[in-house]
Amino acid sequence: MWEELIGQEFSVKTLVSAAKDAKDALNGKPTSSFSQAWLITGPPGSGRSTAAKLFAASLQCEENGCGNCISCISVLKNTHPDVKVITPYGLSYGIEETKNLTKEAAMMPGLGIWNIIILEDADRLTKEAGNALLKAIEEPARFTMWILCAPSSKDVLITIKSRCRVVSLRTPPADEIAELLIKRDGVDKAMAHFAANASLGHVGRAKLLATDEKVRERRSQVLQVPFELKDLPSCFAAAEKLVNAAIEDADLQTDELDEEELDSLMQAYGEGAVGITKRKIERLASGAKKELENSQKKRYKRITRDRLDLSLQELAAFYRDVLAIQTGADIELFHTEMKGSIQRMAENTSINSTIKKIDIVEATRRMLPTEAAELLVLESMTVQLARA
Amino acid sequence: MTSNSNIILISGSADLLVNRAIKKTIADIKKVNPTIIINEIDAMREDSYSTLMDAISPNLFGDASLIIIDRINVAEDNLDEKLVQTLKNIKDHISDDNYLIVIHRGGAGGTGIVKALQKLKIEEIKCENIKFPGGFIDFARSEFKLRKRKINEDASEALLNAIGDDLEGLASAINQLCFDVQTDPIDLESVKKYYSGVASVQGFEISSALWNGNVDLALDNLYNLFENDSNSGVYVVAMMGNSLRKLVKLSAIPASTNDYAIAQELSVNPASIKYLKMQLKHWTPTSLANAVVELAKVDAYMRAGYEGVSLDANQKRFLLETTIRKIGTAAR
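Those sequence lines, one after another, are chains G and E.
The opening position of the first sequence corresponds to residue 1 in this note's numbering, with each subsequent residue numbered one higher.
The opening position of the second sequence corresponds to residue 389 in this note's numbering, with each subsequent residue numbered one higher.
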């Protein structure tokens with residue numbers, strides 16, 4: 001079952017032996033790598049969540065991860081009662097939510113061997129939330145296992161990091177991504193190679209690029225931006241285009257989900273049932289509804305930001321391609337299909353200006369996680385790019 | 389049975405008028421009983437109930453006392469129920485030289501107490517709210533009359549325009565004017581000298597002054613805005629950004645296009661196109677490009693603080709001021 005996590009042989013070895021050690025530790029045998037708190041780091045798309053889930057399955061499985069037993073299957077399908085996956089939807093993860101989490105962490109496992117809590121995006125914990133978790137992570141209940149995920153160990157509060165064993169994933173090589181796409185998703189060879197390269201090492205993104213025409217289209221639109229920055233109005237138009245594309249993407253992702261969630265909430269309060277008036281349901285559900293809408297709004301904002309960040313990564317990768325040609329580096333381009341226009345841009349601009357442009361894009365990326373006004377930030381970026 | 393005029397209810401939503409009514413009532417009572425002890429109770433405070441109990445319990449020296457219960461419209465819960473009960477008792481036991489003033493400062497809260505009081509047939513002073521602008525004109529006139537001063541029609545109008553919808557501000561302005569200005573009647577010049585439209589500055593006015601190339605006015609407005617509302621930094625930047633965006637879009641439209649088509653393109657009121665065109669004359673593409681970079685920077689400061697440290701109102705104003713100056717020096 002570990003084959004889905006590609007290009008991470010070393011980390012897989014660590015995690016598999018850790019699952020074995022965990023069982024030994026429960027049986028009172030001495031072990032070398034037992035810990036009840038793990039931090040899995042790696043760039044977006046390298047498979048942090050997948051690794052966490054596979055690790056959880058191995059911990060729960062009698063055979064240390066056979067992939068076939070009921071326990072393994074239910075963990076992989078997100079239905080195991082003793083594996084809780086927490087995904088912070090908003091831009092940050094606050095103290096209120098964390099407090100509930102510490103309660104969960106004190107429970108005994110019902111069915112499995114461990115009570116496992118997977119906290120995705122631990123980098124989104126606020127300082128207060130992180131501090132609230134410290135005690136629970138440092139001295140966990142006997143059968144509790146924490147698995148945190150974050151882009152890099154630098155992104156996590158230092159006090160949390162010091163209480164965890166860190167497993168680092170690397171950016172999977174494009175060849176292996178392509179191979180996975182061909183084997184798992186039945187993508188044809190040319191498309192798989194294109195998608196693997198264009199995904200910048202993000203496995204999930206590679207699959208989307210390979211299978212969704214719209215995603216490819218939006219990507220090529222983003223990559224037109226460097227050629228559109230001619231004068232001030234065109235810079236502003238390009239910024240607006242980037243923001244709108246991100247908003248459209250977020251709309252697409254969330255609209256259906258929002259409605260589904262609202263429906264199931266209203267049902268839970270008795271909508272469609274006999275003997276209760278609509279008015280009464282509305283009144284009963286109003287508090288929960290507001291809360292749901294709030295969290296949906298947070299999620300929407302976060303998805304918009306994530307999309308924007310992706311566009312900026314693609315832009316940065318574009319300028320890196322330009323730089324690669326300018327310096328004569330012998331590496332494969334991210335955006336191979338644009339080789340012609342990248343070549344032209346490389347000839348018409350200086351190395352200095354390309355480096356400056358990469359800096360500008362990266363500085364803009366750093367501004368996004370704050371509450372900064374997206375449009376203004378991107379306008380500032382395009383204007384500076386046009387000047388560099 | 390004692391006289392119910394020892395219990396007085398003062399109600400109204402204009403603080404100024406209510407405060408005056410209170411002052412007058414207290415003064416009237418003091419005329420009759422100069423040594424009366426005054427107990428003021430703020431109904432909003434948590435210990436208000438116990439303070440009330442202390443105040444109404446018999447005093448060792450048998451001095452007369454005046455109890456003022458303020459803000460029953462936002463009374464603390466505990467007080468709310470008990471007050472009605474207590475008032476009934478007081479009504480029966482209050483002696484001739486003790487007084488109780490209950491103050492309701494408008495709004496829906498505390499109507500239970502008001503109704504209970506009204507049932508007791510006590511004395512009630514209602515302060516009718518003054519409507520803007522008609523009532524304000526009458527109010528100003530009577531204020532000047534009270535001070536035995538006259539003001540010219542145009543001067544009074546200018547004063548009202550400058551102060552705006554703020555009765556207390558108007559009252560204190562009139563007081564100040566009567567003190568500062570010796571000429572009688574007070575003329576337009578003197579009003580202009582002291583009051584030149586500082587009231588209710590909006591983020592919009594800062595933005596429009598800046599893009600009009602008038603940095604001094606923009607800074608003046610910024611200063612006044614922060615006097616009133618120190619949390620408006622983000623909003624001011626957003627306003628400036630919006631206008632900048634419109635100017636940039638306008639600069640891309642051929643000069644021959646008619647105003648209506650432009651208005652549609654920019655999604656603004658056609659009447660404002662002329663204004664935008666005038667503003668655009670102050671700026672070059674380079675100066676606008678510099679401006680957007682500065683704005684994005686200061687926006688981040690307003691929201692996320694300076695290098696991770698959050699800013700207070702003065703620091704925010706300083707950064708905005710610096711930004712406006714930087715952008716403004718490029719105006720033609």
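Cβ coordinates follow ideal geometry from the N, Cα and C atoms, glycine included.
Residue i and residue j closer than 7 Å at C-beta
i	j	result
residue 200 of chain G	residue 317 of chain G	yes
residue 52 of chain G	residue 118 of chain G	yes
residue 376 of chain G	residue 693 of chain E	no
residue 592 of chain E	residue 705 of chain E	no
residue 501 of chain E	residue 454 of chain E	no
residue 461 of chain E	residue 493 of chain E	yes
residue 225 of chain G	residue 374 of chain G	no
residue 510 of chain E	residue 395 of chain E	yes
residue 412 of chain G	residue 386 of chain G	This structure cannot settle anything about residue 412 of chain G, because the visible part of chain G is limited to 1 through 388.
residue 634 of chain E	residue 654 of chain E	yes
residue 574 of chain E	residue 539 of chain E	yes
residue 428 of chain G	residue 25 of chain G	Outside the modelled stretch of chain G, which goes from 1 to 388, sits residue 428 of chain G, for which no answer is possible.
residue 147 of chain G	residue 163 of chain G	no
residue 139 of chain G	residue 95 of chain G	no
residue 322 of chain G	residue 346 of chain G	yes
Any chain E beta carbon closer than 7 Å to residue i
i	result
residue 371 of chain G	yes
residue 4 of chain G	no
residue 383 of chain G	yes
residue 233 of chain G	yes
residue 374 of chain G	no
residue 377 of chain G	yes
residue 380 of chain G	yes
residue 227 of chain G	no
residue 367 of chain G	yes
residue 12 of chain G	no
residue 34 of chain G	no
residue 236 of chain G	yes
Any chain G beta carbon closer than 7 Å to residue i
i	result
residue 687 of chain E	yes
residue 684 of chain E	yes
residue 676 of chain E	yes
residue 497 of chain E	no
residue 712 of chain E	no
residue 691 of chain E	yes
residue 552 of chain E	no
residue 591 of chain E	no
residue 642 of chain E	no
residue 681 of chain E	yes
residue 629 of chain E	yes
residue 490 of chain E	no
residue 636 of chain E	yes
residue 673 of chain E	yes
Per DSSP, cross-strand counterpart(s) of residue i
i	result
residue 397 of chain E	E/490, E/512
residue 671 of chain E	Answer by DSSP bridge pairing: none, since residue 671 of chain E is not bridged.
residue 39 of chain G	G/148, G/166
residue 454 of chain E	E/426, E/487
residue 125 of chain G	G/93
residue 84 of chain G	G/117
Supposed close pair residue i, residue j - CB separation, criterion 8 Å
i	j	result
residue 391 of chain G	residue 202 of chain G	This structure cannot speak to residue 391 of chain G, because chain G is shown only from 1 to 388.
residue 518 of chain E	residue 532 of chain E	Rounded, the Cβ-Cβ distance is 15 Å, inconsistent with contact.
residue 421 of chain E	residue 463 of chain E	The Cβ separation is near 27 Å, so there is no contact.
residue 125 of chain G	residue 157 of chain G	7 Å
residue 109 of chain G	residue 115 of chain G	4 Å
residue 288 of chain G	residue 265 of chain G	6 Å
residue 709 of chain E	residue 610 of chain E	6 Å
Local conformation of residue i per DSSP, three classes
i	result
residue 327 of chain G	helix
residue 116 of chain G	strand
residue 435 of chain E	coil
residue 421 of chain E	coil
residue 622 of chain E	helix
residue 108 of chain G	coil
residue 281 of chain G	helix
residue 29 of chain G	coil
residue 269 of chain G	coil
residue 187 of chain G	coil
residue 6 of chain G	coil
residue 358 of chain G	helix
Residue i: CB within 6 Å of a non-hydrogen atom of the ligand HEM
i	result
residue 223 of chain G	With respect to small molecules bound, the structure shown includes none, and the ligand HEM cannot be examined in it.
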